[in-house]
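Following: one structure in structure tokens, then a few remarks.
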Amino acid sequence: MTTASTARRRARTTASLVSLGALLAASATVLTAAPATAAETLLSQGKTATASSTEGAGYAASAAVDGDLTGTRWASQWSDAQWLQVDLGARANISRVVLNWEGAYGKAYDIQLSDNGTDWRTVTSVTAGDGGTDELAVSGTGRYVRLQGVTRATGYGYSLWEFRVYGESGTTQPEPGGAVRVTGSQGNWQLTVGGQPYTVKGLTWGPAIADAPKYMPDLKSMGVNTIRTWGTDGGTKSLLDSAAAQGLKVVNGFWLQPGGGPGSGGCVNYVTDTAYKNTMLTEFAKWVDAYKSHPATLMWNVGNESVLGLQNCYGGTELEAQRNAYTTFVNDVAKKVHSIDPDHPVTSTDAWTGAWPYYKRNAPDLDLYSMNAYGDVCGVRQDWIDGGYDKPYIITETGNAGEWEVPDDVNGVPDEPTDVQKAEGYTKAWNCVTAHRGVALGATMFHYGLEHDFGGVWFNLLPDGLKRLSYYAVKKAYAGSTAGDNTPPVITNMTVTPASAAPAGREFTVRADIRDPDGDPVTPKIYLSGNYANGDKRLVDAQYRSLGNGTFAVTAPEKLGVWKVYVQAEDGRGNAGIETKSVKVVAPPVAGTNIALGRPATASSSQASYGDCPCPPSHAVDGNPGTRWASDWSDPQWIQVDLGSARSFNRLQLVWDPAYAKSYEVQVSDNGTTWRTIHTTTTGNGDIDTIEAGATARYVRLQLTARGTGWGYSLHEFGIYA
Numbered sequence: 127m128t129t130a131s132t133a134r135r136r137a138r139t140t141a142s143l144v145s146l147g148a149l150l151a152a153s154a155t156v157l158t159a160a161p162a163t164a165a166e167t168l169l170s171q172g173k174t175a176t177a178s179s180t181e182g183a184g185y186a187a188s189a190a191v192d193g194d195l196t197g198t199r200w201a202s203q204w205s206d207a208q209w210l211q212v213d214l215g216a217r218a219n220i221s222r223v224v225l226n227w228e229g230a231y232g233k234a235y236d237i238q239l240s241d242n243g244t245d246w247r248t249v250t251s252v253t254a255g256d257g258g259t260d261e262l263a264v265s266g267t268g269r270y271v272r273l274q275g276v277t278r279a280t281g282y283g284y285s286l287w288e289f290r291v292y293g294e295s296g297t298t299q300p301e302p303g304g305a306v307r308v309t310g311s312q313g314n315w316q317l318t319v320g321g322q323p324y325t326v327k328g329l330t331w332g333p334a335i336a337d338a339p340k341y342m343p344d345l346k347s348m349g350v351n352t353i354r355t356w357g358t359d360g361g362t363k364s365l366l367d368s369a370a371a372q373g374l375k376v377v378n379g380f381w382l383q384p385g386g387g388p389g390s391g392g393c394v395n396y397v398t399d400t401a402y403k404n405t406m407l408t409e410f411a412k413w414v415d416a417y418k419s420h421p422a423t424l425m426w427n428v429g430n431e432s433v434l435g436l437q438n439c440y441g442g443t444e445l446e447a448q449r450n451a452y453t454t455f456v457n458d459v460a461k462k463v464h465s466i467d468p469d470h471p472v473t474s475t476d477a478w479t480g481a482w483p484y485y486k487r488n489a490p491d492l493d494l495y496s497m498n499a500y501g502d503v504c505g506v507r508q509d510w511i512d513g514g515y516d517k518p519y520i521i522t523e524t525g526n527a528g529e530w531e532v533p534d535d536v537n538g539v540p541d542e543p544t545d546v547q548k549a550e551g552y553t554k555a556w557n558c559v560t561a562h563r564g565v566a567l568g569a570t571m572f573h574y575g576l577e578h579d580f581g582g583v584w585f586n587l588l589p590d591g592l593k594r595l596s597y598y599a600v601k602k603a604y605a606g607s608t609a610g611d612n613t614p615p616v617i618t619n620m621t622v623t624p625a626s627a628a629p630a631g632r633e634f635t636v637r638a639d640i641r642d643p644d645g646d647p648v649t650p651k652i653y654l655s656g657n658y659a660n661g662d663k664r665l666v667d668a669q670y671r672s673l674g675n676g677t678f679a680v681t682a683p684e685k686l687g688v689w690k691v692y693v694q695a696e697d698g699r700g701n702a703g704i705e706t707k708s709v710k711v712v713a714p715p716v717a718g719t720n721i722a723l724g725r726p727a728t729a730s731s732s733q734a735s736y737g738d739c740p741c742p743p744s745h746a747v748d749g750n751p752g753t754r755w756a757s758d759w760s761d762p763q764w765i766q767v768d769l770g771s772a773r774s775f776n777r778l779q780l781v782w783d784p785a786y787a788k789s790y791e792v793q794v795s796d797n798g799t800t801w802r803t804i805h806t807t808t809t810g811n812g813d814i815d816t817i818e819a820g821a822t823a824r825y826v827r828l829q830l831t832a833r834g835t836g837w838g839y840s841l842h843e844f845g846i847y848a
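Per the working numbering, residue 127 is the first one in the sequence shown, and the count goes up by one each step.
Structure follows, in structure tokens:
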């Protein structure tokens, strides 16, 4: 063995000279970037070392940490999967590992850290080792450091003259705030940060990251100690920095398809799509490594409502298989995260406690569960008890009841809670979370958002930057008091008249009692949202006039359907009260008799089977605003009505579907062959056209020449009035 060893050492010396020459030729800057720092200490020398095997009695693991660079060495048996590890005696921050190889070196290997000598995490990997001296900069914390061989470069084993580990001894935490742990036992858990108890008092984060420095002090003033995100990427650092500057922590989210629960898109096959899973695993690992030592990092949250959301993609036995595969993948992510960052817990969020059995079965590496629950948040406790779960949880979204939890109003749309009810919802939610002592470890309530739209008014604590009663309810829950705060106006007894028959384009009445607890002068405003009418969630300024005593005459939109009308009262002190009711906009009444009702109608074409079709021309004269005629998607088209005999009329009303005519003519005929034009427009805008045009004729036709959309032409009603 002596002769072979000498030959290997001699060959390695030549290779070292060649490698050094190549380095010098490639880049002189490599030599000037010394990896060591003044604070580094050689931690490994003389410490206890063990190995998977030895080549013989003279090649013990201890020889690699004895400080002798040329006389003693460790050598393994002649196979690939061999390892050498050293026990530093205490947990330390590791900054550098130096391997002085003998001729039998590792071509591929990992450097791993562990706190207990059992659970290992890889901090760096080498895949093209060339022997000699490998000097590796690493970043991590652990008591045990291991060389895990993957592939040998020679037919021999692995052989090291010296295995040197550098770093700072006596450090026990990877970041200034301290490691985050889930501690305790069944039913008596707590979250700790740096060894100190920590209850999550949080809000989900809504503003742009660029605005984080502006809003983080406000969050802190509310008693908030945590914010939650749904995605983590390169822009997250500035958010973390802003949070840390105020002493706040962040639940860093990772988005997985089909996130967001009911109605969400993105159907991944978790049983077969290995490429997607590997891509996500690699992406998540990158950001865990980037932010694991950031003082604002509290924990990692993998996915959002996907167990529930998979029902939008699959059904039956396939849905069951996908849910099992998804939660198994979540567990793979948890294991990967733990291997990189042992100092922050991993959780996963869903919106249905029925997801928890899947996590219990398939994701044992999660440290805790998470749940989004609104009006039914108080039921989570009983579901946890009934399920016999052995992990604590946090509530990652909660607040007032959502659209899916409230009864419908007189117009068949969800009856949105009042501002007073919403504030009570946050208080109730927090009381239910804190009542589940030793199991519920806190909450990130929904939502610190600024959007001033349909969803923003329903859930945001400060839409358009204006603080609402819910804002102060959360502040009282977290900070314990709102004494001295100027609070928002309170709106009660809001009514809309007529609630279910507001004529399009005409006025309806809105009334509300508005008072300000602090006696501030109040400025009321009126907004409308077409969320239920046309899918537009924006709040647009309504056309209205004040009638005094909290009463307003509001002009209804031209578009038929159910709209939301909002009364917003502002106090000039950064606060607002907002109440909303629905109003059903209908076609305005037309004087006279609709002589087209039920008469024979024909058209150039009609849709037979698209969407809600068949849509024959008879639907335009049936008196039912819920049915429609729809043409092919081309120009020109026509629809005509046979009145049965020559009839006199003076007015027409066209109730358009969104597929309207921009240009058209109204034509009449006595015989259905020879036509004369009585009205022309090139500026149609859809909704409702009431046309003051009269004639005496048996046939009335709309000659449609230019569509207003990419679809065809579509009419709910074609009314002709005498």
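We put the beta carbon where it would ideally sit given N, CA and C, even for glycine.
Everything numeric in this text was worked out from a predicted model, so none of it was measured.
For Asn242, the three-state secondary structure derived from DSSP is coil. The C-alpha of Ala401 lies about 47 Å from the C-alpha of Tyr653. In this structure, the CA atom of Gln669 is about 5 Å from the CA atom of Thr681. About 6 Å separates the beta carbons of Leu492 and Val472, which is inside the 8 Å limit, making them a contact pair. With contacts defined as CB atoms closer than 9 Å, Leu317 and Val376 fail to qualify as a contacting pair. Only residues of its own chain outside the window of five on either side were considered, and among them Ala603 have a CB closer than 6 Å to the CB of Trp556, listed in chain order. Within the segment 565-597, the complete alpha helix (DSSP H) segments at least 4 residues long are 580-585, listed from N- to C-terminus.
Under the three-state reduction of DSSP, Leu436 is assigned to helix. In summary, Ser240 is buried, with 16 or more beta-carbon neighbours lying within 10 Å of its beta-carbon over all protein chains present.
Counting C-beta atoms within 10 angstroms of its own C-beta, Trp530 has fewer than 16 neighbours from the protein chains shown and is therefore classed as exposed. Apart from the 5 residues on each side of it in sequence, Tyr658 sits with its Cβ closer than 6 Å to the Cβ of Val539, Val688 in its chain, given in chain order.
Less than 9 Å separates the beta-carbon of Gly293 from that of Thr167. With respect to Trp782, Asp815 sits close: the two C-beta atoms are nearer than 9 Å.
Taking a contact as a CB-CB distance under 8 Å, the pair Gly568 and Val559 counts as one, their CB atoms being some 7 Å apart. Taken atom to atom, the span from the alpha-carbon of Lys412 to that of Thr358 is near 10 Å. For Val648 and Ala695, the gap between their C-alpha atoms comes out near 6 Å.
A residue is called buried once 16 or more other Cβ atoms fall within 10 Å of its Cβ, and Ser760, having fewer, is exposed.
Taking a contact as a CB-CB distance under 8 Å, the pair Trp482 and Tyr495 counts as one, their CB atoms being some 6 Å apart. DSSP, read as helix, strand or coil, puts Ile520 in strand. Distance from the CA of His420 to the CA of Leu366, rounded to the nearest whole angstrom, comes to 7 Å. Annotation: the continuous beta strand (DSSP E) that includes Tyr270 extends over 259-278. Between Val792 and the set Glu818, Ala772, Ala746, the nearest pair of CA atoms involves Glu818. One alpha carbon belongs to Lys710, the other to Asp545, and they sit about 22 Å apart. Note that the C-beta distance between Thr623 and Thr635 is below 9 Å.
At least 9 Å separates the beta-carbon of Ser708 from that of Lys685. With fewer than 16 other CB atoms across the displayed protein chains lying within 10 angstroms of its CB, Ile511 is exposed. For Ser285, the closest alpha carbon among the candidates Lys340, Lys788, Gly386, Asp206 is that of Asp206. The shortest CA-to-CA distance from Ala338 to any of Ile353, Tyr324, Asn226, Ala746 is the one to Ile353. In the DSSP assignment, Asp667 falls within the beta strand (DSSP E) that extends over 662-667. With a cutoff of 9 Å on beta-carbon distance, Val716 and Gln766 are scored as not near each other. Minimum Cα-Cα distance from Pro323 among the listed residues Gly834, Ala334, Val308 corresponds to Val308. Between Lys663 and Asp579, the C-beta gap is smaller than 9 Å, which places the two residues in contact. Excluding residues up to 5 positions away in sequence, Leu769, Arg773, Phe775, Ile846, Tyr847, Ala848 lie with their Cβ nearer than 8 Å to the Cβ of Ile721 in the same chain. Secondary structure at Arg754: coil, using DSSP grouped into helix, strand and coil. Gln203 sits in coil when the DSSP states are folded into three classes, being neither helix nor strand.
Within the segment 327-365, the alpha helix (DSSP H) runs of at least 4 residues that lie entirely inside it are, in chain order, 338-347.
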